[in-house]
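Numbering follows this note's numbering, in which position 460 of the sequence shown is assigned residue number 452; successive positions increment by one, without gaps. Below you'll find the structure, written out as structure tokens, and then a few comments.
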Amino acid sequence: MNEPKRQIKTKFIFVTGGVVSSLGKGLASASIGALLECRGLTITLQKLDPYINVDPGTMSPFQHGEVFVTDDGAETDLDLGHYERFTSAKLTRRNNFTTGQVYDSIITKERRGDYLGCTVQVVPHVTDEIKGKILSLANNVDIAIIEIGGTVGDIESLPFLEAIRQLRFDLGKENVLYIHLTLLPYIATAHEIKTKPTQHSVNKLREIGIQPDILLCRSDRPLNADLKGKIALFCNVERDAVISAEDVKCIYEVPMVFHREGLDDKIIKYLNIWTRAPKLEQWEEIARKAANPKGEITIGIVGKYVNLQDSYKSLHEALIHGGLASNCKVDLVYIDSEEVEKKGVGILKSIDGLLIPGGFGNRGVEGKIAAIKYARETKMPFFGICLGMQVAIIEIARDLCGLKHANSAEFDPETPDPVVDIMETQRGINAKGGTMRLGAYPCVLKKGSKAHSVYGATEISERHRHRFEVNNAYRAALEKAGVEFSGLSPDDSLVEIMEYRHHPWFVACQFHPEFKSRPMQPHPLFRGFVKSVLQHKALAAKGQKGPGRAKKASSALPRRSRKLSLNEAD
Ligand code: GLN
């Protein structure tokens, strides 16, 4: 059943999770990757998702969180966003796969007759398929970090866990490491951190033949030596393999917290590799900057109401990165666009800058249009992303071009003025999965524009995920009204970036720049936007600007409590 030992150079670290979900396995895996890169090793990361969807592209972000898009156009799990932000790994569709993909290829093979004569079974056929997908990453890097989605004990995860159990036999002990992320809850009434859930979770893993080598123990406080000793004893790991993963204020502190606990030393010892000492200066610098901001701004994100932290993960991080570039703290306020429709733009008075993110469907669109008009007229910095750009085009067409009923064909197929329309290549496509304009496309920037100045380049590449585009028939009218199309596809046929000339920062793009922002290299558009918001706030403080801004209203809007949808599934 087991494949023969192969001559594979790559060593594998498998990261599993126990006790509860949402412990930050993605962040932990990304931070391990960051630490190993700081030691000069080459790495890659892969996420294995036990659900049956072929990819998360058709899932509502209400349920699953953001859909992260790679350069090659794969719609993937949001953990790949963490991987790209923390490491220099180049990720593609091979870096994320699901049970759905595994079964899809097995059934295709079965129909083709590849298994003629066999009964196709979970072991060995499903597990072999999983192993094949994991091993396809081998040989190009020193270490592959593989994160298994879900929590140990889930029915769906079993074939994945069985596959990684087998891999230690296939590849040898020194080439495979198991790291288990677990929760140590503090029980206030007992004044004690409890280890029992961790013991149970490790037992569950051992029942299926996996003895974890290292435990990452999430807790709201540090673990003392006694507790580490107890966990080590009951879970059958070495004392210094019990890593205290205390809560941190800023996620970019995690690599250093792990390092101080000796995690990277332990990993290289177990995997029997020699490396230089890690160079952690850049992580220290980020943590220092995040802890000592010189200013503070509030950015309002106006979209659909939803209460899920993860729907806009990359956007959230990109705004934080923009803040790091200007040494300022960025507070995000999520505003339900339907609230703007009901209560009017007055509720925007407490924000310093407006961002309209990507999205699907017409719910709350009129509220977004009103918010953009408010930002345009009061000269509040505005940044539109994907749907945000399309709505900005509608707003300007209606208000400045006299096209009262201008709309996107997505929201009103009968509109007399479809200023945003379905792409030619999208007409007649009915299947929803993986059929949008997806992944990296080139864009040429107009010299002298704001986009050109922040990018400092004339040719860029950015990632897309949409079906609709600015309708070229209205380009001339929009330009006459003050719009500059500062980013176009190389053949001029597609609008990629638009700006409104008579405004300090009114910039919107058809692509998703948030996917390419990094803490060490904040994305130019987020850098530019945050800088402009800071200037706007400073001007407002001097009382030099438009109506309604003199005093910061105490907002009824809860911070970070409202999230939006980025998926046409909702
Ligand atoms: N719904 C729009 C489209 O499909 C925008 C998509 C998005 O914002 N990602 O074109």
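For glycine and all other residues, C-beta sits at the position ideal for the given N, C-alpha and C.
Since residue i sits in a beta bridge, which residues does DSSP pair it with?
i, result
"T290", "D323"
"A237", "R210"
"C435", "I452"
"T34", "DSSP, once it has assigned bridges, lists no residue as partnering T34."
"S400", "V412"
"A473", "Beta-bridge pairing links A473 to no other residue."
"C242", "Paired residue(s): none; C242 is not in a bridge."
"M490", "A500"
"E461", "D413"
"K3", "I135"
"H172", "T8, L207"
"D41", "T90"
"G479", "L437, I489"
Measure the alpha-carbon distance for residue i versus residue j and round it to whole angstroms.
i, j, result
"V499", "Q274", "30 angstroms"
"S193", "I259", "21 angstroms"
"A465", "V487", "12 angstroms"
"Y107", "I5", "31 angstroms"
"K537", "A363", "Since pLDDT at K537 reaches only 49, below the 50 mark, its modelled position is unreliable, and the value read off the structure follows with that caveat. Those two C-alpha atoms are separated by around 18 angstroms."
"S579", "K534", "In the structure as shown, the chain starts at -7 and stops at 562, and residue 579 therefore has no counterpart that could be examined."
"Y75", "G359", "35 angstroms"
"T2", "V133", "6 angstroms"
"S97", "F89", "11 angstroms"
"F503", "I126", "31 angstroms"
"Y262", "G351", "45 angstroms"
"G315", "R104", "54 angstroms"
"M372", "P496", "8 angstroms"
"V94", "V118", "7 angstroms"
"L15", "R493", "45 angstroms"
"V7", "G141", "9 angstroms"
"N216", "I185", "10 angstroms"
"F60", "D323", "23 angstroms"
"L566", "A155", "Since the first residue of the chain shown is -7 and the last is 562, residue 566 is not available in this structure."
"E491", "G431", "23 angstroms"
"S13", "L175", "9 angstroms"
"D239", "D212", "5 angstroms"
"K17", "G425", "27 angstroms"
"E288", "I312", "11 angstroms"
"D162", "F152", "15 angstroms"
"C227", "D257", "20 angstroms"
"I122", "A423", "26 angstroms"
"I343", "I202", "51 angstroms"
"N87", "V229", "29 angstroms"
"A468", "V475", "9 angstroms"
"M512", "E29", "14 angstroms"
"L307", "L225", "43 angstroms"
"E461", "A449", "24 angstroms"
Going by beta carbon distance, what residues of the same chain come within less than 7 angstroms of residue i, once the five residues before and after it are set aside?
i, result
"I386", "I361, A398, N399, S400, V411, V412"
"T267", "R31, G32, L33, I260"
"P550", "Note that P550 scores 43 on pLDDT, short of 50, meaning its location in the model is unreliable; the coordinates nonetheless yield the value given after this. Closer than 7 angstroms at the Cβ level, and outside the excluded window around P550, lies no residue."
"E253", "I235, S236"
"G25", "I35, L37, Y75, F78, T79, A81, I137"
"D302", "G57, E58, L70"
"E279", "A small correction: the amino acid at residue 279 is Ala; Glu does not occupy that position in the sequence shown. The residues are C242, Y244, E245, M248."
"M381", "M490, A500, C501, Q502"
By Cβ distance below 6 angstroms, which residues in the same chain neighbour residue i in space, the five residues on each side in sequence not counted?
i, result
"A389", "L395, A398, V411"
"S318", "V522, K523, L526"
"G376", "I348, A384, A500"
"T36", "A81, L129, V133, A136"
"V168", "F4, L159, R160"
"N354", "F403"
"L379", "G350, G351"
"G540", "With a pLDDT of 46 at G540, under the threshold of 50, the predicted position of this residue should be treated as unreliable, though the coordinate-derived value follows. Cβ within range, chain order: K341."
"G92", "I44, N45, V46"
"E102", "V112"
"T84", "T62, D64"
"P434", "S453, P482"
Under 8 angstroms between C-beta atoms, does residue i make it to chain B?
i, result
"M372", "The structure shown has no chain B; it contains just one protein chain."
Inspect the CB distances between the stretch 35 to 42 and the stretch 66 to 75 and report whether three or more fall short of 8 angstroms.
yes
Enumerated in chain order, which unbroken segments of the beta strand (DSSP E) with a length of 3 residues or greater are wholly contained in the stretch 176 to 220?
206 to 211
For the 8 angstroms Cβ check, are there 3 or more pairs between the stretch 108 to 117 and the stretch 139 to 146?
no
Is the stretch 223 to 240 touching the stretch 193 to 210, taking contact as three or more C-beta pairs under 8 angstroms?
yes
Mind the definition here: the stretch 470 to 486 touches the stretch 440 to 447 only if three or more C-beta pairs lie below 8 angstroms; say whether that holds.
yes
Whether or not the stretch 323 to 331 and the stretch 285 to 298 are in contact is what I'm after, with contact meaning three or more pairs of Cβ atoms, one per stretch, closer than 8 angstroms; do they touch?
yes
Kindly provide the ranges of any alpha helix (DSSP H) runs that are 4 or more residues long and lie completely inside the stretch 64 to 144, ordered along the chain.
71 to 78, 91 to 104, 119 to 127
Cβ contact (3+ pairs, closer than 8 angstroms) linking the stretch 502 to 512 and the stretch 449 to 468
yes
Can you give, in chain order, each stretch of the alpha helix (DSSP H) that sits fully within the stretch 333 to 411 and has at least 4 residues?
357 to 370, 379 to 392
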